[in-house]
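Take a look at the structure set out below.
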Amino acid sequence: MYLTDEETRMLNGEKGEAVRIAMEILVALGESFDAERLVPINNVHMAGSSVLVAEEAGTRFVEDIRKKGGKFVTKVTTNPTAVDPTQWEAIGIPESDTILQTRLTDAYAGMGANTCNTCIPYLVGNSPRFGEHIAWGESSAVVYANSVCGARTNREGGPSGLASALTGRTPEYGFHLKKNRYGKFLVKVETSLRDMTDYGTLGYFTGLIAGQDTPVFTGVPSDPTLEQLKALSAALASSGSVSMFHAVGVTPEAPSLEEAFGGGSPEKVLIFGDAEKAQAEAALNREPSDHVDWILVGCPNASVEEIREVADALQGKKVHQDVALWVTTAGAMYAMAERNGYIKTITDAGGVVVRETCPFLARSRVIAPKKGYKTLTTNSAKMAFYAPGQFGLPTHYGNLDRVMKAAINGVWS
Ligand code: F3S
Numbered sequence: 048m049y050l051t052d053e054e055t056r057m058l059n060g061e062k063g064e065a066v067r068i069a070m071e072i073l074v075a076l077g078e079s080f081d082a083e084r085l086v087p088i089n090n091v092h093m094a095g096s097s098v099l100v101a102e103e104a105g106t107r108f109v110e111d112i113r114k115k116g117g118k119f120v121t122k123v124t125t126n127p128t129a130v131d132p133t134q135w136e137a138i139g140i141p142e143s144d145t146i147l148q149t150r151l152t153d154a155y156a157g158m159g160a161n162t163c164n165t166c167i168p169y170l171v172g173n174s175p176r177f178g179e180h181i182a183w184g185e186s187s188a189v190v191y192a193n194s195v196c197g198a199r200t201n202r203e204g205g206p207s208g209l210a211s212a213l214t215g216r217t218p219e220y221g222f223h224l225k226k227n228r229y230g231k232f233l234v235k236v237e238t239s240l241r242d243m244t245d246y247g248t249l250g251y252f253t254g255l256i257a258g259q260d261t262p263v264f265t266g267v268p269s270d271p272t273l274e275q276l277k278a279l280s281a282a283l284a285s286s287g288s289v290s291m292f293h294a295v296g297v298t299p300e301a302p303s304l305e306e307a308f309g310g311g312s313p314e315k316v317l318i319f320g321d322a323e324k325a326q327a328e329a330a331l332n333r334e335p336s337d338h339v340d341w342i343l344v345g346c347p348n349a350s351v352e353e354i355r356e357v358a359d360a361l362q363g364k365k366v367h368q369d370v371a372l373w374v375t376t377a378g379a380m381y382a383m384a385e386r387n388g389y390i391k392t393i394t395d396a397g398g399v400v401v402r403e404t405c406p407f408l409a410r411s412r413v414i415a416p417k418k419g420y421k422t423l424t425t426n427s428a429k430m431a432f433y434a435p436g437q438f439g440l441p442t443h444y445g446n447l448d449r450v451m452k453a454a455i456n457g458v459w460s
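Heads up: the sequence shown begins at 48 in this note's numbering, then just goes up one per residue.
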């Protein structure tokens with residue numbers, strides 16, 4: 048891989064040991080993907096910021112980089128952690144995780160990260176511009192950045208994101224190259240997409256077929272909300288390893304079908320109609336009984352608008368006494384929702400608005416038995432896809448209206 052003189056000096060340790068290690072990681076990564084060079088970047092969203100992922104070894108690695116003089120040279124935002132910093136004990140998060148998490152978050156902050164600890168960095172001030180090369184982790188945010196923003200990123204892991212933040216570089220391969228950003232197959236949407244959950248169901252259906260390939264959608268309404276696009280992004284990256292999608296007439300690199308495919312033809316054509324939507328939604332409903340105990344709204348993290356919708360559903364009502372309702376969000380969203388009275392409405396009704404973590408990145412295999420949770424009920428296709436395998440809870444899956452009725456009535460119907 049070609050390195051500039053400055054990059055060669057970085058690799059030789061002339062800019063310190065932390066930068067030398069970072070360059071070693073990037074060169075190894077780039078060579079393994081046949082990258083010809085590194086591209087300059089100024090924007091990293093760091094995966095690996097939860098101790099559920101990093102554990103003790105990963106935390107020590109990040110601390111060690113800091114001790115070696117590591118300083119971030121790019122804008123850096125961080126993904127959710129394993130801990131809600133103010134309510135961890137009440138919601139069942141182990142104390143050992145809070146201690147370890149403080150060390151990891153401090154290490155990132157000490158090198159210059161904005162520890163926003165959310166999977167929606169684009170809603171808390173890190174919104175990349177069209178065509179910008181970035182190095183983002185967190186699969187749902189990667190799909191959103193590539194597809195909706197038109198920025199260019201591969202799916203970075205913790206070490207490669209860290210290395211990019213220390214050097215301001217990322218290897219130029221994959222989705223950094225225009226030739227790799229065209230669609231591979233076509234999905235004709237021939238059913239209504241009414242809410243976030245329908246978009247999530249479409250993403251789940253498509254991801255199962257996609258593998259790593261980029262889908263192109265036709266038939267998507269021309270005015271989807273940000274929340275609907277983030278639900279689609281998250282689900283595509285869960286049942287599949289998708290990094291990007293095109294929606295013709297909606298996303299910036301797909302003004303036409305021809306441009307979405309780069310002048311080529313789709314390798315296959317699928318239909319997402321009423322039957323496919325119903326089958327996909329049924330497949331994410333893996334709990335046969337009507338038992339409800341743990342409810343999750345906010346995967347990806349809830350926007351202020353989603354928090355408002357939960358608050359509206361709870362006006363004058365109470366969450367059922369046998370149900371724990373979590374709404375997971377970023378600290379910045381929480382602050383705005385608090386100012387508007389939504390947090391008070393939700394908490395007065397018995398719900399919990401959780402900051403900086405989610406069931407996937409907190410230690411749910413400990414939390415669920417401690418709290419007696421046996422199922423997970425959610426409007427998120429991503430969470431419904433992961434819950435059975437990742438933390439052993441079968442799921443109820445449906446739109447927010449259905450989920451909030453379950454929160455209030457204590458049964459799934
Ligand atoms: Fe975000 Fe956790 Fe879902 S990181 S996308 S809320 S699994």
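Glycine included, every Cβ here is placed at the ideal spot set by N, Cα and C.
For residue i, count the other beta carbons within 10 Å of its own beta carbon; 16 or more makes it buried, fewer makes it exposed. Which is it?
i      : result
Pro416 : exposed
Gly117 : buried
Glu403 : buried
Glu78  : exposed
Leu224 : exposed
Gln326 : exposed
Lys365 : exposed
Asp52  : exposed
Asn59  : exposed
Ile140 : buried
Ser350 : buried
Lys32  : Since the first residue shown for the chain is 48 and the last is 460, residue 32 is missing from the structure and cannot be characterised.
Ser97  : buried
Asp4   : Residue 4 lies beyond the residue range present for the chain, which begins at 48 and ends at 460; the question has no answer from this structure.
Lys324 : buried
Arg202 : buried
Gly363 : exposed
Phe80  : exposed
Ala65  : buried
Asp448 : exposed
Ile354 : buried
Ile414 : buried
Ile146 : exposed
Glu103 : exposed
What does a CB cutoff of less than 7 Å around residue i pick up in its chain, not counting 5 residues either side in sequence?
i      : result
Pro299 : Phe177 and Gly197
Gly258 : Gly287 and Ser288
Ile88  : Thr121, His180, Ile181, Ala182, Ser211, Gly215, Arg216 and Thr217
Arg412 : Phe438 and Gly439
Gly310 : none
If you compare alpha carbons, which of the options is closest to residue i?
i      : options                           : result
Val357 : Cys405, Leu304, Ser211 and Gly388 : Gly388
Gly398 : Glu305, Ile342 and Tyr444         : Ile342
Asn90  : Arg107, Gln148, Ser211 and Glu78  : Ser211
Ile390 : Tyr420, Thr424, His367 and Glu352 : Glu352
Gly63  : Lys114, Thr392 and Asn201         : Lys114
Gly95  : Leu233, Leu209 and Tyr420         : Leu209
Leu85  : Ser97, Ala69, Gln134 and Tyr49    : Tyr49
Ala453 : Ala434, Thr425, Thr106 and Gln437 : Thr425
Ala69  : Asp395, Pro206 and Leu283         : Pro206
Ser194 : Glu136, Thr272 and Ala301         : Ala301
Tyr220 : Leu73, Ala377, Ser427 and Thr238  : Leu73
Gly419 : Ile138, Phe80 and Glu102          : Ile138
Cys163 : Leu147, Asp395, Asp144 and Thr128 : Thr128
Leu233 : Ser239, Asp242 and Phe264         : Phe264
Thr238 : Gly247, Ala104, Arg355 and Ala322 : Ala322
Glu306 : Thr422, Glu136, Ile455 and Lys226 : Lys226
So, for residue i: in the same chain, excluding its five sequence neighbours on each side, which residues have a beta-carbon less than 8 Å away from its beta-carbon?
i      : result
Ser269 : Gly296 and Val297
Met383 : Val351
Tyr433 : Ser285 and Phe407
Met93  : Val123, Thr124, Thr125, Asn126, Tyr155, Ala160, Gly184, Gly205, Gly208, Leu209 and Ala212
Phe222 : Asn193, Arg199, Thr200, Asn201, Arg228, Ser290 and Met291
Residues in its own chain within less than 6 Å of residue i by CB, not counting five upstream and five downstream?
i      : result
Thr488 : Because the chain is modelled from 48 through 460, residue 488 falls outside the range shown and cannot be assessed.
Ser280 : Ser187, Val190 and Tyr191
Leu304 : Val295
Gly157 : Arg113
Met380 : Val351
Met430 : Leu343 and Cys346
Lys235 : Thr265, Gly266 and Ile318
Pro313 : Phe232 and Leu233
Glu71  : none
Is residue i close to chain B, meaning its C-beta is less than 8 Å from at least one C-beta of that chain?
i      : result
Glu237 : Among the protein chains of the structure shown there is no chain B, as only one such chain exists.
The region 146-160 contacting the region 244-261, beta-carbon criterion three pairs below 8 Å | no
Any heavy atom of the ligand F3S within less than 7 Å of residue CB: hits in chain order = Asn126, Pro127, Cys166, Glu185, Ser187, Ala281, Gly345, Cys346, Pro347, Asn348, Thr375, Cys405, Phe407, Leu408, Ser427, Lys429, Met430 and Tyr433
So does the region 371-379 actually touch the region 333-353, counting three or more Cβ pairs closer than 8 Å?
-> yes
Is the number of C-beta pairs between the region 180-200 and the region 162-170 that are closer than 8 Å three or more?
-> yes
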